[in-house]
Amino acid sequence: MVNFSTIAQQMRSSEIRRLMKLAADPSVISFAGGMPNNALFPVDTLDQLYASLSTEQKQAAFQYGPTSGYPPLLESLKTYLASRKLPVGDNVLIVTSGGQQAISLLSKVLLDPGDVVITEQPSFIGALAAFKSYGAELHGVPIDADGIVLDALEGVLTKQAGARLKMMYLNPSFHNPAGILYSMERRRGLLELLRTHDVCLLEDDPYSELYFDEADVPATVPIKALGSEPVPIAYVGSFAKIFGPGMRLGWMLAPPDIMEKVELAKQSMDACSATFTQVLAHAYLSEGKLPGYLATVRKAYARRASLMLEALGAHMPDGVTWTTPRGGFYIWVTLPDHVDSSDVFAKSLEQGAAFVVGSAFDPEGQRNNTFRLAFSHTPEERIAEGTEMVCRAVRACL
Ligand SMILES: Cc1ncc(COP(=O)(O)O)c(C=O)c1O
Numbered sequence: 000m001v002n003f004s005t006i007a008q009q010m011r012s013s014e015i016r017r018l019m020k021l022a023a024d025p026s027v028i029s030f031a032g033g034m035p036n037n038a039l040f041p042v043d044t045l046d047q048l049y050a051s052l053s054t055e056q057k058q059a060a061f062q063y064g065p066t067s068g069y070p071p072l073l074e075s076l077k078t079y080l081a082s083r084k085l086p087v088g089d090n091v092l093i094v095t096s097g098g099q100q101a102i103s104l105l106s107k108v109l110l111d112p113g114d115v116v117i118t119e120q121p122s123f124i125g126a127l128a129a130f131k132s133y134g135a136e137l138h139g140v141p142i143d144a145d146g147i148v149l150d151a152l153e154g155v156l157t158k159q160a161g162a163r164l165k166m167m168y169l170n171p172s173f174h175n176p177a178g179i180l181y182s183m184e185r186r187r188g189l190l191e192l193l194r195t196h197d198v199c200l201l202e203d204d205p206y207s208e209l210y211f212d213e214a215d216v217p218a219t220v221p222i223k224a225l226g227s228e229p230v231p232i233a234y235v236g237s238f239a240k241i242f243g244p245g246m247r248l249g250w251m252l253a254p255p256d257i258m259e260k261v262e263l264a265k266q267s268m269d270a271c272s273a274t275f276t277q278v279l280a281h282a283y284l285s286e287g288k289l290p291g292y293l294a295t296v297r298k299a300y301a302r303r304a305s306l307m308l309e310a311l312g313a314h315m316p317d318g319v320t321w322t323t324p325r326g327g328f329y330i331w332v333t334l335p336d337h338v339d340s341s342d343v344f345a346k347s348l349e350q351g352a353a354f355v356v357g358s359a360f361d362p363e364g365q366r367n368n369t370f371r372l373a374f375s376h377t378p379e380e381r382i383a384e385g386t387e388m389v390c391r392a393v394r395a396c397l
């Protein structure tokens, strides 16, 4: 018999995974996956970029590279981050194998079993899984349309002060799963509050470029860019939603003491992120391909969101509420307290549509009168039909 580690023994296949297997049937209209539609990937651009590389660059692409990242990509990322009002300054930047690896690396260097992580309630399932895999205890703080509720957060911070509070995790722009955008006031209020508490903030920001309306751009400025001293902030970004998740590339920007440990942890994990995709990502940024791509996908996601919102407005019964996203991939639906979204999921699947039940995003894994609809992946022409199926399932469960 294999003698597994304590952490591995605690790992469980979740109910969510079982539900997701059912949703994988190609005849099902799925709003489950938080991913782009394949037709939106910039495959022609990629062909051109690869063809334009010199033989030397192509050879470098097949080679191992520095753990911190392919140096030309680090340079083009620095320029990109400066354009987003986030100059590297005294921080250190590294390339990671997706934003998920950055979250996991930070957890690895900060968390001991029993340490406390504050998250939003609801929160990103991948981050929750990473924190749990290091034995963390999670405390969820509610959010409203403008972001995390500061009074509630202050209560938790005060209660946890002196306890084993190590880290706080937030996804302020076009939140997964709630779809909200933190207001500038909430961002500043949060920083003010954190100044008086000893906690490291993990700011996870893969969706901020995917706004539907230019008027929202000022509110998408990273919290880390707002003069965050002395709050230690690790800022995480990703190419997943602005190029393609298959590139498996993200980045982390954090103070040098944190990054020294993160780089050591990464060295023992994967030596370096894929050089091949880093070479392509560098060409993508440095040849100015990102702005045109973003302009296309912003319109596509805005259209998809409005199709879903229209169908929800037309078919969802009274007593059910949902968020109106101003960017990103998601709509978060809240049912009356007594309704269990797993029952709605079962009925919806019978109809032919799938989503992710709310308990997947609950740090405590309990609350389930909610669910997430992703409008990003489904073919546009099936969004209205699928949403109507979900609404019918809700009606049957009320
Ligand atoms: C909030 C959030 N953070 C991180 C990630 C992980 O991104 P990546 O594919 O770069 O690992 C995702 C992916 O869905 C996400 O929604």
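When we follow numbering that gives the first Met the number 0, the leftmost residue of the sequence shown carries the number 0, and every step to the right adds one.
No residue lacks a Cβ here, since even glycine has one placed at the ideal position from N, Cα and C.
Is residue i near ligand 3, judged by its Cβ being under 7 angstroms from some heavy atom?
i	result
residue 361	Here the bound small molecules are ligand 1; ligand 3 is not part of this structure.
How many Å lie between residue i and residue j at the Cα?
i	j	result
residue 382	residue 98	28 angstroms
residue 272	residue 65	9 angstroms
residue 356	residue 121	11 angstroms
residue 236	residue 249	6 angstroms
residue 363	residue 117	11 angstroms
residue 402	residue 82	Here the chain comprises residues numbered 0 to 397, so residue 402 is not present and cannot be evaluated.
residue 124	residue 360	5 angstroms
residue 337	residue 365	13 angstroms
residue 35	residue 375	5 angstroms
residue 78	residue 306	36 angstroms
residue 182	residue 2	49 angstroms
residue 42	residue 49	11 angstroms
residue 44	residue 299	18 angstroms
residue 190	residue 179	18 angstroms
residue 232	residue 105	11 angstroms
residue 87	residue 220	14 angstroms
residue 74	residue 135	35 angstroms
residue 161	residue 0	41 angstroms
residue 175	residue 46	31 angstroms
residue 119	residue 142	7 angstroms
residue 203	residue 342	31 angstroms
residue 389	residue 370	11 angstroms
residue 23	residue 367	21 angstroms
residue 140	residue 153	10 angstroms
residue 229	residue 194	7 angstroms
residue 109	residue 166	8 angstroms
residue 241	residue 387	29 angstroms
residue 72	residue 238	12 angstroms
residue 317	residue 151	29 angstroms
residue 380	residue 333	25 angstroms
residue 32	residue 377	9 angstroms
residue 177	residue 373	10 angstroms
Grab the span of the beta strand (DSSP E) containing residue i for me, first residue to last.
i	result
residue 370	369-373
residue 329	329-333
Is any heavy atom of ligand 1 found at a distance shorter than 7 angstroms from the C-beta of residue i?
i	result
residue 125	yes
residue 99	yes
residue 35	no
residue 170	yes
residue 175	yes
residue 239	yes
residue 231	no
residue 244	yes
residue 203	yes
residue 249	yes
In the DSSP assignment, find the unbroken alpha helix (DSSP H) run with residue i in it and report its ends.
i	result
residue 93	Looking at the DSSP string, residue 93 is not in any alpha helix (DSSP H); the run it does join, the beta strand (DSSP E), is 91-95.
residue 55	54-60
residue 337	Neither: residue 337 is in no alpha helix (DSSP H) and is coded neither H nor E.
residue 6	5-9
residue 315	From DSSP, residue 315 is part of no alpha helix (DSSP H); its letter is neither H nor E.
residue 393	382-396
residue 74	70-82
residue 365	Unbroken run through residue 365: none, as it is neither H nor E.
residue 45	42-51
Exercise. What are the start and end residues of each continuous alpha helix (DSSP H) run of 4 or more residues lying completely inside the region 190-275, in chain order?
Worked result: As far as the region 190-275 is concerned, its whole alpha helix (DSSP H) runs of at least 4 residues are 255-269.
Exercise. Taking the runs of the alpha helix (DSSP H) that are 4 residues or longer, which of them lie wholly in the region 99-177?
Worked result: 124-132, 149-159
Exercise. Quick one: any contact between the region 307-322 and the region 213-232, if contact means 3 or more CB pairs under 8 angstroms?
Worked result: no
Exercise. Using 8 angstroms as the threshold, is the region 257-270 in touch with the region 205-215, meaning 3 or more CB pairs across them?
Worked result: no
For this session: May I ask you to verify whether the region 270-290 touches the region 319-336, counting CB pairs closer than 8 angstroms and requiring at least 3?
Result: no
Exercise. Counting pairs of Cβ atoms below 8 angstroms between the region 45-57 and the region 279-296, do you hit three or more?
Worked result: yes
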